[in-house]
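Quick note: the sequence shown uses numbering that gives the first Met the number 0, first residue 0, plus one each step.
Positions of the beta carbon are idealized from the N, C-alpha and C atoms, including for glycine.
All figures in this text were calculated on a predicted structure; none of them were measured in a lab.
Structure record follows, encoded as structure tokens.
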Amino acid sequence: MTADAVGGVWTYALDLARGLAAEGVRVSLAVTGPAPGAAQRAEAAAVPGLRLLATGLPLDWAAATPEAVLQAGAALASLAEAGGAELVHLNSPAYAAGGAFRQPLVIACHSCVASWWAAQHAAPLPPELRWRRDQVAAGYRLATRLVAPSAAFAAVTARLYGLARPPAVVMNGRSPLQPAATSMALPETFVFAAGRLWDSAKNFAALDAAAARLEWPVLAAGPTGGPEGGAIDLPSLHLLGQLDSAGMADCHARAALFVSTARYEPFGLAVLEAAQAGTPLLLAELPGFREIWGEAACYLPGARPTSLAVAIDRLMRDPARRAELGAAAAARAARYTVQAMQQGMAALYREAMQETLV
0 MTADAVGGVW
10 TYALDLARGL
20 AAEGVRVSLA
30 VTGPAPGAAQ
40 RAEAAAVPGL
50 RLLATGLPLD
60 WAAATPEAVL
70 QAGAALASLA
80 EAGGAELVHL
90 NSPAYAAGGA
100 FRQPLVIACH
110 SCVASWWAAQ
120 HAAPLPPELR
130 WRRDQVAAGY
140 RLATRLVAPS
150 AAFAAVTARL
160 YGLARPPAVV
170 MNGRSPLQPA
180 ATSMALPETF
190 VFAAGRLWDS
200 AKNFAALDAA
210 AARLEWPVLA
220 AGPTGGPEGG
230 AIDLPSLHLL
240 GQLDSAGMAD
250 CHARAALFVS
260 TARYEPFGLA
270 VLEAAQAGTP
280 LLLAELPGFR
290 EIWGEAACYL
300 PGARPTSLAV
310 AIDRLMRDPA
320 RRAELGAAAA
330 ARAARYTVQA
340 MQQGMAALYR
350 EAMQETLV
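Structure (structure tokens):
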């Protein structure tokens, strides 16, 4: 299985590997991009039987040239062959573009440049990004099975890439976070948000502008700078940096409200973590969020700072409604377990292996 250590795929891969280990499946996790930090390595070491491979190969979405991605894919295929893998699960489809993998190939459609761009722009994908889309398309064509974390994102993927049938849907699962013995220093009452703060698709700039209009502090966890450099300025948010799982658990458990203003979110693991803690949810009006959370969340009427601030203020002044939403979120989150994800993925793995044998 492939993963990177800079986003939600790391969390997804470890949870899935943990679930598969319980069924006797051994996983070698090949990490591309920046190497996992000490806390991440410790987290991986706690997964039974997991073999962690920090490859140093470039991230597919940050590589400078198509050739770099193809070479990385070839190197990953060699690692799979040398390790005796019976199946390959790619969380980055572009690595398959060169056709180097000999095993049954399951590709997860977590995100892609074409859908990321389409969610934010009416204009066509610019030329400098088209080769990235084309490599993803080539990878999808070579997959034995495709899988997406929601029917909404499966439909978007099928439309953008002209797939004959949409990817199978296996909802993400998450192990509930465990808070540390010692709590963080946090305000008594606060609004919480989390994610890649630097990513324009997550729309933290809108939340920052809304926060300037609120009397309650808005805390945000996550990196302000991306792997390609550059950083976002969010002066009205209380920035916590990139928290470990215990820190995130503490924030979710004590937050009065969790907010996502994302323009683009194929699933949203931070939302699931908040829901598992019983934190009420105020989410962007996205088809995927509606599919996953239904009536267990409130939805933002728009992305303008004034309307965001009004929606947040209304809920912050209504503790009874927040208690109702928190209970509904926790009940809905009980559907999205690691066991359910592992069972869904294991069924896809079996299908892929049987199809290859035929």
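Residue i lies in the beta strand (DSSP E); which residues open and close that run?
i, result
"isoleucine 106", "104-107"
"alanine 193", "190-193"
"serine 27", "27-31"
"histidine 120", "Here histidine 120 belongs to no beta strand (DSSP E), and DSSP marks it neither H nor E."
"arginine 50", "50-53"
"arginine 164", "Element bounds for arginine 164: n/a, residue is neither H nor E."
"arginine 101", "Note, arginine 101: premise wrong, no beta strand (DSSP E); not H, not E."
"valine 146", "144-147"
"valine 270", "Note, valine 270: premise wrong, no beta strand (DSSP E); alpha helix (DSSP H) at 268-275."
With a 10 Å radius around its C-beta and 16 neighbouring C-beta atoms as the bar for buried, classify residue i as buried or exposed.
i, result
"arginine 158", "exposed"
"threonine 305", "exposed"
"glutamine 134", "buried"
"threonine 10", "buried"
"glutamate 66", "exposed"
"glutamate 272", "buried"
"threonine 1", "buried"
"glutamine 338", "exposed"
"arginine 173", "buried"
"alanine 219", "buried"
"alanine 121", "exposed"
"arginine 353", "Going by the sequence as given, residue 353 is glutamine instead of arginine. Looking at its Cβ environment, which holds fewer than 16 other Cβ atoms inside 10 Å, glutamine 353 is exposed."
"aspartate 207", "buried"
"proline 123", "exposed"
"glutamate 42", "buried"
"leucine 149", "What sits at residue 149 in the sequence shown is serine, not leucine. Buried: at least 16 other Cβ atoms inside 10 Å."
"arginine 334", "exposed"
"glutamine 363", "The displayed coordinates of the chain run from 0 to 357. Any statement about residue 363 would go beyond what the structure contains."
"aspartate 317", "exposed"
"serine 77", "exposed"
"threonine 64", "exposed"
"proline 279", "buried"
"glycine 55", "exposed"
"glycine 97", "buried"
"proline 166", "buried"
"aspartate 59", "buried"
"glutamate 85", "exposed"
"glutamine 275", "buried"
Alpha carbon to alpha carbon, what distance is there between residue j and residue i?
i, j, result
"proline 286", "glycine 293", "10 Å"
"alanine 147", "alanine 230", "30 Å"
"alanine 93", "valine 26", "21 Å"
"leucine 75", "glycine 82", "10 Å"
"methionine 315", "glycine 224", "30 Å"
"alanine 137", "alanine 107", "14 Å"
"leucine 299", "alanine 332", "20 Å"
"leucine 51", "aspartate 14", "14 Å"
"leucine 281", "glycine 301", "12 Å"
"glycine 23", "glutamate 284", "40 Å"
"phenylalanine 372", "leucine 324", "Residue 372 lies beyond the residue range present for the chain, which begins at 0 and ends at 357; the question has no answer from this structure."
"valine 112", "glycine 267", "17 Å"
"proline 33", "alanine 319", "44 Å"
"alanine 322", "arginine 253", "13 Å"
"valine 8", "histidine 109", "8 Å"
"threonine 31", "alanine 328", "34 Å"
"arginine 212", "cysteine 297", "20 Å"
"tryptophan 215", "proline 175", "27 Å"
"valine 5", "alanine 117", "23 Å"
"glycine 18", "valine 190", "32 Å"
"valine 270", "valine 68", "31 Å"
Based on DSSP bridge pairs, tell me the residues matched to residue i.
i, result
"serine 259", "Leu282"
"alanine 230", "Gly224"
"threonine 1", "Ala29"
"cysteine 297", "Leu281"
"histidine 88", "Val105"
"leucine 218", "Phe191 and His237"
Can you name the start and end residues of the alpha helix (DSSP H) that residue i belongs to?
i, result
"leucine 206", "203-210"
"threonine 10", "7-20"
"aspartate 312", "304-315"
"glycine 72", "65-81"
"leucine 159", "150-160"
"glycine 325", "318-332"
"glycine 138", "126-141"
"glycine 240", "Run containing glycine 240: none in the alpha helix (DSSP H); it sits in the beta strand (DSSP E), 237-240."
"alanine 44", "37-44"
"serine 244", "244-253"
Compute the minimum distance between the beta carbon of residue i and the heavy atoms of the ligand FAD, and state whether it is under 7 Å.
i, result
"histidine 237", "Absence of the ligand FAD from the depicted structure is noted, as is the absence of any ligand whatsoever, leaving it without description."
The stretch 176-185 contacting the stretch 195-213, beta-carbon criterion three pairs below 8 Å: no
May I ask you to verify whether the stretch 243-254 touches the stretch 339-351, counting CB pairs closer than 8 Å and requiring at least 3? no
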